[in-house]
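In our numbering, the protein residues as written are 515 to 721.
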């Protein structure tokens with residue numbers, strides 16, 4: 515009698531691993547709005563002043579009354595600010611016409627020269643006042659730089675207007691503002707008109 519081997523026990527198959535649940539797909543994040551760049555949102559550089567162009571000014575005056583034209587130009591000057599292109603009153607191109615005008619027996623150019631030289635100091639303020647210029651601070655000492663601040667009146671009733679009008683430069687205010695070191699504007703009130711000045715230096719001390 516032959517001995518039969520017992521059948522090998524079947525090894526149970528490993529249970530299949532449960533399928534991993536599919537990862538939920540996260541919705542794509544909406545792109546954040548780009549931050550506004552200050553340099554692109556704000557006009558680059560200084561505001562434009564179209565009144566620097568004499569032809570533009572002339573066209574505007576064809577259909578605009580004097581007071582309204584002045585208000586528009588002054589607004590453009592205030593928004594643009596001082597150009598600081600040539601801040602010494604002796605050499606600023608915008609003041610060339612004024613420097614050649616004679617008042618009190620002297621050209622403005624000669625007056626400026628005497629101020630820098632430190633002579634006849636008692637006449638400096640009345641000299642400049644005849645041209646619509648206010649002397650705001652000056653070194654009266656015999657030595658050293660004069661270091662003066664001259665405030666040219668660029669208001670509607672400025673004494674300088676006649677000289678520029680006679681020379682055919684109606685937009686002189688805008689030209690002066692582009693040369694000067696600082697522009698100062700006082701808004702009109704019920705009782706007083708707008709006032710404005712272009713500040714120039716005279717023989718400024720070196721830093």
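Ideal placement from N, C-alpha and C gives every residue a C-beta, glycine not left out.
Backbone CA spacing between residue i and residue j [nearest angstrom]
| i | j | result |
| --- | --- | --- |
| residue 715 | residue 604 | 9 angstroms |
| residue 545 | residue 666 | With a pLDDT of only 41 at residue 545, under 50, the local geometry of the prediction cannot be trusted, and the value read off the model is given with reservation. Between residue 545 and residue 666, the C-alpha separation is close to 55 angstroms. |
| residue 725 | residue 569 | Beyond the ends of the chain as shown, which are 515 and 721, falls residue 725; an answer cannot be given. |
| residue 707 | residue 623 | 30 angstroms |
| residue 652 | residue 577 | 43 angstroms |
| residue 638 | residue 625 | 8 angstroms |
| residue 648 | residue 599 | 21 angstroms |
| residue 579 | residue 680 | 19 angstroms |
| residue 560 | residue 618 | 39 angstroms |
| residue 650 | residue 642 | 11 angstroms |
| residue 633 | residue 601 | 23 angstroms |
| residue 694 | residue 669 | 15 angstroms |
| residue 701 | residue 664 | 21 angstroms |
| residue 585 | residue 661 | 32 angstroms |
| residue 581 | residue 592 | 16 angstroms |
| residue 608 | residue 678 | 10 angstroms |
| residue 571 | residue 705 | 28 angstroms |
| residue 589 | residue 640 | 30 angstroms |
Outcome for residue i when other beta-carbon atoms lying within 10 angstroms are tallied against a minimum of 16
| i | result |
| --- | --- |
| residue 587 | buried |
| residue 635 | exposed |
| residue 682 | exposed |
| residue 692 | buried |
| residue 573 | exposed |
| residue 550 | Caution is warranted here: a pLDDT of 29 is assigned to residue 550, below 50, making its placement in the model unreliable, and the coordinate value is therefore given only provisionally. Exposed, because fewer than 16 other Cβ atoms sit within 10 Å of the Cβ of residue 550. |
| residue 610 | exposed |
| residue 712 | buried |
| residue 597 | buried |
| residue 676 | exposed |
| residue 657 | exposed |
| residue 703 | exposed |
Which residues DSSP lists as bridging residue i, in chain order
| i | result |
| --- | --- |
| residue 683 | None; residue 683 has no bridge partner. |
| residue 663 | 715 |
| residue 581 | For residue 581, which the question treats as bridged, DSSP gives no partner whatsoever. |
| residue 698 | 711 |
C-beta contact flag for residue i and residue j at 8 angstroms
| i | j | result |
| --- | --- | --- |
| residue 606 | residue 659 | no |
| residue 630 | residue 717 | yes |
| residue 575 | residue 583 | yes |
| residue 696 | residue 710 | no |
| residue 735 | residue 621 | Here the chain has residues from 515 to 721 only, and residue 735 is not among them. |
| residue 674 | residue 645 | yes |
Counting Cβ pairs closer than 8 angstroms, one from the stretch 684-700 and one from the stretch 561-573, do we hit at least three? Contact holds: three or more Cβ-Cβ distances are below 8 angstroms.
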